[in-house]
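Okay, structure first, notes after.
In this note's numbering, the protein residues as written are 58 to 949.
Printed below as a string of structure tokens:
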């Protein structure tokens, strides 16, 4: 008995110890394809990633187990894949097991061993496969008509009987256009504007929905409302989306797969037996607005007992493309609800609402009125001198054929049946103000209207705070602009264009990645690049496009997205998948440039777009981006073990750089071209300047800025100017530029009431001046780099090794940058009092860092012995392992 009790005690003790160690060291942030427990995964080799507990030092090995039995996986048995113990410190791996099966839930977990050989195991996570191939679709593509000129949106419904108890149900829906799906009268999910915009005739996206809880044993009904989106663009503007080669009446294909408790499965799929009718959405345009006639509502249209005898049968039609793939990215959602900060009653039929900030999204009206009352909701960014909304700055490129489709103006026709509400389903706008006008008197209050800030709901991974209220506001405005322009692809503005301008996106890519976990959106958008690339390698200026942009605006300075974005994804995530996927596309693009511009010099591009005063050489800036793309291609070739390509494109990159310096650099004076700010900063930032000339060129840049007494750059220069200064010994001057509140500057916008970034440095433009643009958004990334000193290391990407180069600039007393890397949170924080700086840095588990400080600083540390600190500084940097460090720094 004593022996039994002793064994029992030891067993309990070991379990308690195991529980304690696992609780303290639980792995977290398990993701498949960078999503948490995703549905509809249809890649054959999904990626798995995880994050170590904060207290661990280094991962020495990992093991991933995948299977279809959760209990078996929990117990360490993987029926699909067992990676075995892999000696690696990586926190990302790729599935290499049995072929994935469709419609299957897979469970997985990861175990890691630290440098002391302690083992830590995650909880069991899961993901679910989708159709895994075109051949598994069972439904037909259906529509209500072939007439794409028809204005009202179409309802579709199907009633069916589920005769047994349901264990699980999934809806797989592919759409050319946009959709809202409902089951038994309840809207499915919280996504907006699905599916994301693609080149519809080359790639169509499908979504997977878990509808288990919405179905019931017995009678059921499924309803679908289709919108036009970019597929059937009925508005007319300068980009000719109404003439897109794919254009057609919206259509869809859906399979509902039901698994019953007895294990049997049943499919409810689209076909000619589905019923269709026109809806109260009498017009919808992703570009302009939406019109809704509540008098045409059909109560219960998507419920089982509805009488659809008067509805007609749906028509079977062809698929829009030969490639239907799963949409695997963070979706567009209503991320934030806003209430008006002010309402002004202009008359009984005219009310003005101010939401206090610029945003992307929609408004929602609650109102009571007479039947047939027409209400117009005009959305705008600014107010005119007459006290009403002014759209003159955002309708600049709109080319309406008549007055039936007013810009950013929803139309709501009341049924008169008590309190009614309306919000656009298939549209979004850019606005701060909404003017509500009616043809009959209505009574509104501040509570009658609310707004929803909509965008791709990418997780936040970065934060900046400082002692400067202006800096904090610029950072917030920049990020708000970035989010306002993220709808499954990065856009330039959420009102006037909504176009995926390539140049805007690569200028802002570091701002994107320091602040948000956006890899899923960018991987989707680079697939759009592949769809749009011409056989000769040329890309359009906007992506996706209906055909516009192949002959203007698509120079090398803009369409460098094909190389710059995949390279930055690699730097920030340590994942070469995207770079490998688009490698041939980058190569085709660079080969086109090399064939067309064999000298290494090109003037193909838009140049330093929207400059202030100086007109910089377009030949210089375009040739620099030619070099950047070629250099990235060479580095990618080396990374992917393509030695011949590496040698070829390394030589080409060197040739281009030499050609630029021979053509544009005056070595005696240390200036490029005319010595304008963009002409000096872009060669410095993009590593064109010969090493022995950098000090002189940087000195000339600083002198030029002092002489000009302000910033004098356009878009390309805005990416380079602050970085070129701060990375070459002039951080104080860079901060002086960044913190100005006089024209031209970011602070000038804030001083004039901006809550988002503008398209133009001027604030007094009448037309063609969007007040919500991201293209000048590099400054948010610059805060992380120059002030926080956070840089990824290309030799150990994903912040596996962190480069720290903080600048304790004059004019700022405190600053903190936080960034959640794939390995965990990095913190760089400092407080300054005269010549004394308290600097704190946190390095996450499984990483290392190198801290570089100016030789003029005297440094002490609580965590590092003075002799070690001195020795490391003599070697050039202070080496940091995981943990939190406190430095005392004195400035001589």
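We put the CB at the ideal spot given by N, CA and C, even for glycine.
Test item: CB-CB of residue i and residue j under 8 Å
i: residue 432; j: residue 464; result: no
i: residue 575; j: residue 879; result: no
i: residue 897; j: residue 943; result: yes
i: residue 497; j: residue 425; result: no
i: residue 154; j: residue 131; result: no
i: residue 280; j: residue 358; result: yes
i: residue 594; j: residue 546; result: no
i: residue 736; j: residue 782; result: no
i: residue 478; j: residue 422; result: yes
i: residue 210; j: residue 283; result: yes
i: residue 721; j: residue 674; result: yes
i: residue 607; j: residue 597; result: yes
i: residue 179; j: residue 148; result: no
i: residue 920; j: residue 933; result: no
i: residue 87; j: residue 171; result: no
Closest residue to residue i among the options (Cα-Cα distance)
i: residue 818; options: 735, 666, 717; result: 666
i: residue 381; options: 611, 271, 97, 939; result: 97
i: residue 445; options: 493, 484, 870, 798; result: 493
i: residue 286; options: 256, 276, 268; result: 256
i: residue 517; options: 568, 805, 931, 253; result: 568
i: residue 556; options: 536, 936, 604, 151; result: 604
i: residue 533; options: 100, 154, 840, 428; result: 840
i: residue 862; options: 869, 870, 885; result: 885
i: residue 161; options: 152, 175, 238, 183; result: 183
i: residue 822; options: 181, 806, 485; result: 806
i: residue 460; options: 158, 346, 719; result: 346
i: residue 361; options: 438, 239, 125, 759; result: 239
i: residue 373; options: 328, 396, 341; result: 328
i: residue 656; options: 697, 620, 276, 718; result: 718
i: residue 750; options: 727, 101, 212, 732; result: 727
i: residue 644; options: 519, 763, 683, 673; result: 683
i: residue 191; options: 837, 641, 99; result: 99
i: residue 499; options: 428, 618, 542, 436; result: 428
i: residue 111; options: 932, 883, 945, 927; result: 883
i: residue 31; options: 612, 732, 369, 738; result: Any question about residue 31 goes unanswered here, given that the chain covers just 58 to 949.
i: residue 894; options: 852, 946, 939; result: 946
i: residue 143; options: 120, 126, 938, 890; result: 120
i: residue 637; options: 871, 692, 340, 399; result: 692
i: residue 738; options: 785, 641, 708, 938; result: 785
i: residue 831; options: 558, 930, 642, 732; result: 558
Within-8 Å CB hit, residue i to chain C
i: residue 773; result: Judged by its chain identifiers, the structure shown contains no chain C, having just a single protein chain.
Whole-angstrom C-beta distance between residue j and residue i, which should lie under 8 Å
i: residue 383; j: residue 187; result: 5 Å
i: residue 639; j: residue 586; result: 7 Å
i: residue 615; j: residue 560; result: 4 Å
Contact between the stretch 738 to 751 and the stretch 767 to 776 (3+ Cβ pairs under 8 Å):
They touch, by the three-pair rule.
Length at least 3, wholly inside the stretch 317 to 399: the beta strand (DSSP E) runs in chain order:
Correct list: 322 to 326, 332 to 335, 338 to 341, 347 to 350, 372 to 374, 381 to 383, 389 to 395.
Which runs of the alpha helix (DSSP H) spanning at least 4 residues fall entirely within the stretch 613 to 675, listed in chain order?
Correct list: 618 to 630, 634 to 638, 640 to 653.
If we require 3 or more residues per run, which beta strand (DSSP E) segments fall completely within the stretch 89 to 170?
104 to 108, 116 to 124, 149 to 151, all fully within the stretch 89 to 170.
Please determine if the stretch 291 to 303 and the stretch 216 to 229 are in contact, where contact requires at least 3 C-beta pairs separated by less than 8 Å.
Short answer: they don't touch.
Cβ contact check for the stretch 508 to 515 and the stretch 380 to 396: 3 or more pairs under 8 Å:
Taking 8 Å as the limit for Cβ pairs, the verdict is that the stretch 380 to 396 does touch the stretch 508 to 515.
Evaluate contact between the stretch 870 to 879 and the stretch 908 to 924, counting only Cβ atoms and requiring at least three cross-stretch pairs below 8 Å.
At 8 Å Cβ cutoff, the stretches do not touch.
Below 8 Å, can you find three or more Cβ-Cβ pairs linking the stretch 376 to 389 to the stretch 498 to 505?
With a cut-off of 8 Å on Cβ pairs, the stretch 376 to 389 is not in contact with the stretch 498 to 505, counting fewer than three such pairs.
Three Cβ pairs or more, each shorter than 8 Å: is that satisfied between the stretch 435 to 452 and the stretch 820 to 831?
Taking 8 Å as the limit for Cβ pairs, the verdict is that the stretch 820 to 831 does touch the stretch 435 to 452.
Segments assigned alpha helix (DSSP H), at least 4 residues, entirely inside the stretch 822 to 882:
Those alpha helix (DSSP H) runs which fall completely within the stretch 822 to 882 and span 4+ residues are 835 to 839.
Do three or more CB pairs link the stretch 298 to 318 to the stretch 225 to 238 at distances below 8 Å?
Yes, they touch.
Taking 8 Å as the cut-off, does the stretch 844 to 859 touch the stretch 805 to 821 (at least 3 CB pairs, one atom from each stretch)?
Remark: fewer than three beta-carbon pairs, one from each stretch, lie closer than 8 Å, so the stretch 805 to 821 and the stretch 844 to 859 are not flagged as touching.
Runs of beta strand (DSSP E) wholly within the stretch 549 to 598 (minimum 3 residues, chain order):
Here no run is fully enclosed.
Would you say the stretch 684 to 692 touches the stretch 705 to 719, given that touching needs at least three Cβ pairs under 8 Å?
Enough Cβ pairs lie closer than 8 Å, so yes.
Looking at C-beta atoms only, is the number of pairs between the stretch 325 to 337 and the stretch 193 to 212 that lie closer than 8 Å three or more?
The way I'd put it, the stretch 325 to 337 does touch the stretch 193 to 212; three or more beta-carbon pairs between them come closer than 8 Å.
Is it true that the stretch 410 to 423 meets the stretch 535 to 546, where meeting means three or more beta-carbon pairs spaced less than 8 Å apart?
Touching, yes, given that three or more Cβ pairs across the two stretches are closer than 8 Å.
Can you give, in chain order, each stretch of the beta strand (DSSP E) that sits fully within the stretch 402 to 426 and has at least 3 residues?
Counting only runs of 3+ residues, the beta strand (DSSP E) found wholly inside the stretch 402 to 426 occupies 407 to 424, in chain order.
Beta strand (DSSP E) runs wholly inside the stretch 488 to 557, at least 3 long, in chain order
Within the stretch 488 to 557, the runs of beta strand (DSSP E) that reach at least 3 residues and sit entirely inside it are, in chain order, 506 to 513, 519 to 523.
For the stretch 762 to 811, which segments carrying the alpha helix (DSSP H) assignment without a break, of at least 4 residues, lie completely within its bounds, in sequence order?
The DSSP assignment places 772 to 783, 788 to 795, 803 to 808 as complete runs of the alpha helix (DSSP H) inside the stretch 762 to 811, in order along the chain (cut-off: 4 residues).
Enumerated in chain order, which unbroken segments of the beta strand (DSSP E) with a length of 3 residues or greater are wholly contained in the stretch 419 to 483?
The DSSP assignment places 431 to 437, 466 to 470, 477 to 480 as complete runs of the beta strand (DSSP E) inside the stretch 419 to 483, in order along the chain (cut-off: 3 residues).
Taking 8 Å as the threshold, find out whether the stretch 112 to 132 comes into contact with the stretch 156 to 171 through three or more Cβ pairs.
Inter-segment contact for the stretch 112 to 132 and the stretch 156 to 171 is present: three or more beta-carbon pairs are separated by less than 8 Å.
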